[in-house]
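Peer 1: Each residue of the sequence shown is one higher than the one before, starting from 10 at the first, in this note's numbering.
Take a look at this one; I'll ask things after.
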Amino acid sequence: MVCALLFLALALPAAEVAAPGRVEATSLLGEPLVAPELDPEHRRRQEELLAAARRELEARPDDPEAAIWVGRRTAYLGRYREAIEIYSRALERHPDESRLLRHRGHRWITVRELVRATADLERAAELESGRTDRVEPDGLPNELGIPTSTLHSNIWYHLGLARYLRGDFEGALAAYRACRQAATTADMRVAADYWLYLTLRRLGHQEEAAELLSRVTPELEIIENHDYHRLLLSYRRLYDAHRLWEDASAEPASVAYATVGYGLGAWHLAEGRPEKAREWFERVVASPTWAAFGYLAAEAELARSP
Numbered sequence: 010m011v012c013a014l015l016f017l018a019l020a021l022p023a024a025e026v027a028a029p030g031r032v033e034a035t036s037l038l039g040e041p042l043v044a045p046e047l048d049p050e051h052r053r054r055q056e057e058l059l060a061a062a063r064r065e066l067e068a069r070p071d072d073p074e075a076a077i078w079v080g081r082r083t084a085y086l087g088r089y090r091e092a093i094e095i096y097s098r099a100l101e102r103h104p105d106e107s108r109l110l111r112h113r114g115h116r117w118i119t120v121r122e123l124v125r126a127t128a129d130l131e132r133a134a135e136l137e138s139g140r141t142d143r144v145e146p147d148g149l150p151n152e153l154g155i156p157t158s159t160l161h162s163n164i165w166y167h168l169g170l171a172r173y174l175r176g177d178f179e180g181a182l183a184a185y186r187a188c189r190q191a192a193t194t195a196d197m198r199v200a201a202d203y204w205l206y207l208t209l210r211r212l213g214h215q216e217e218a219a220e221l222l223s224r225v226t227p228e229l230e231i232i233e234n235h236d237y238h239r240l241l242l243s244y245r246r247l248y249d250a251h252r253l254w255e256d257a258s259a260e261p262a263s264v265a266y267a268t269v270g271y272g273l274g275a276w277h278l279a280e281g282r283p284e285k286a287r288e289w290f291e292r293v294v295a296s297p298t299w300a301a302f303g304y305l306a307a308e309a310e311l312a313r314s315p
């Protein structure tokens, strides 16, 4: 048993999976997506943390949480396929571990395996039904070091995204409503509200969308999901969209670039300006941050459009 779990921790050679230019996924537009270039200091720190996580797994080979951290640390290095393999091997030992399914579901989304992502996350939601929720620790902590989400809210959030990307907007609506209900912080509520609002607009539920938007105010105390908050405020004309984009576009390789770019494009789409929306989506997919949810969503929109 110990040997099997140690093989899990050392699933693929680090030099192989970390090689620049390694294809990790195929985009929804049919393009190869290669392992990202990482800031040297970020890479060094994450490799140290991964080595520590591997040692923890060696010390606690039957602990699924130890396997989860090896998978998470591996994914933070852009080694998404290897992370999926780690979760899959752990699930052979712990088939009903909802946390493993939640994290594997997230990484199935990253590599555009949306049917598999949906299956994992639906199973995780089923397993967690009726259970007490728990705070989920952050692998990349915010500036205050305060976790902003829970296991339940993360399962529903990622399930909503998987369904949204597949064009299952009714399914996404149900998932984001459940996410909103499970959210325990302003950060998680505003993240759920953002996708919920776009889903409602997509389905033509204009009154409910307007009511939701009216509850989003500048006074919300947000720790990390500032872009979602400001996008919603910009939809209310309470935040300058031009300023929002100016700030986000200062660094095209940032998650903010993809998040804000998609959010502005989605607004044009909801307002009946598909050609303008397409311009924004194309701008997003020309950036390198292909693992960002905004990039994924822009890609899905372009794949759906004629």
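C-beta atoms are modelled at their ideal positions from N, C-alpha and C, and glycine is treated no differently.
Take Leu130 as the anchor and find which of Gly169, Glu46, Ala259, Glu65 has the nearest alpha-carbon.
Peer 2: Gly169
Peer 1: When you compare the CB positions of Ala134 and Ile164, do they come within less than 7 Å of one another, or not?
Peer 2: yes
Peer 1: In this structure, does DSSP put Tyr304 in helix, strand or coil?
Peer 2: helix
Peer 1: Report the CB separation of Trp254 from Val269 in whole angstroms; it is logged as a contact under 8 Å.
Peer 2: 6 Å
Peer 1: Below 7 Å CB to CB, which residues in the same chain sit around Glu233 once its five sequence neighbours on both sides are set aside?
Peer 2: Annotation for Glu233: Asn151, Thr157, Asp196 place their beta carbon closer than 7 Å to its own, counting only its chain and skipping 5 residues before and after.
Peer 1: Just the Cα atoms here: how many angstroms apart are Ala75 and Ala286?
Peer 2: 43 Å
Peer 1: Mind checking which residues open and close the alpha helix (DSSP H) that includes Ala265?
Peer 2: Unbroken alpha helix (DSSP H) run through Ala265: 264-279.
Peer 1: Take the Cβ of Thr83 as the centre, count every other Cβ of all protein chains shown within 10 Å, and call the residue buried at 16 or more, exposed below.
Peer 2: buried
Peer 1: Whole alpha helix (DSSP H) runs in the region 84-132 with 4 or more residues, listed along the chain?
Peer 2: 89-102, 107-119
Peer 1: Considering only residues of the region 191-255, which uninterrupted alpha helix (DSSP H) runs meet the minimum length of 4 residues and lie entirely inside it, listed in chain order?
Peer 2: 195-212, 215-223, 235-244
Peer 1: Is there contact here, the region 213-229 with the region 138-145, by at least three beta-carbon pairs under 8 Å?
Peer 2: no
Peer 1: Could you give the first and the last residue of the continuous alpha helix (DSSP H) run that contains Ala60?
Peer 2: 49-68
Peer 1: Leaving out five residues on either side along the sequence, give the residues of the same chain with a beta carbon under 7 Å from the beta carbon of Glu145.
Peer 2: Pro156, Ser158, Thr159, Leu160, Asn163
Peer 1: Evaluate Gln55 with the Cβ neighbour count: other Cβ atoms within 10 Å of its Cβ, from every protein chain shown; 16 or more gives buried, anything less gives exposed.
Peer 2: buried
Peer 1: Work out the CA separation of Ala44 and Pro22 for me, nearest whole Å.
Peer 2: Because the pLDDT of Pro22 is 38, which lies under 50, any placement of that residue in the model is unreliable, and the question is left without a value.
Peer 1: Going by DSSP in three states, Glu288 sits in which element: helix, strand or coil?
Peer 2: helix
Peer 1: Applying the 10 Å Cβ sphere with the 16-neighbour rule, what's the burial state of Ala92?
Peer 2: buried
Peer 1: Just confirm the distance between the C-beta atoms of Leu305 and Ile118, as a whole number of angstroms; I'd bet it's less than 8 Å.
Peer 2: About 7 Å separates the two Cβ atoms, so the contact holds.
Peer 1: Which class does Glu310 belong to by DSSP, given the choice of helix, strand or coil?
Peer 2: helix
Peer 1: Going by DSSP in three states, Arg168 sits in which element: helix, strand or coil?
Peer 2: According to the sequence as given, residue 168 is Leu; it is not Arg. Three-state DSSP puts Leu168 in a helix.
Peer 1: Sort Ile95, Leu37, Glu33, Pro49 by Cα distance to Arg63 and report the nearest one.
Peer 2: Ile95
Peer 1: Quick check: what's the CA-CA separation for Leu241 versus Ala128?
Peer 2: 30 Å
Peer 1: Excluding the five sequence neighbours on either side, which residues of its own chain have a C-beta within less than 7 Å of the C-beta of Arg198, listed in chain order?
Peer 2: Excluding residues up to 5 positions away in sequence, Arg189, Ala192 lie with their Cβ nearer than 7 Å to the Cβ of Arg198 in the same chain.
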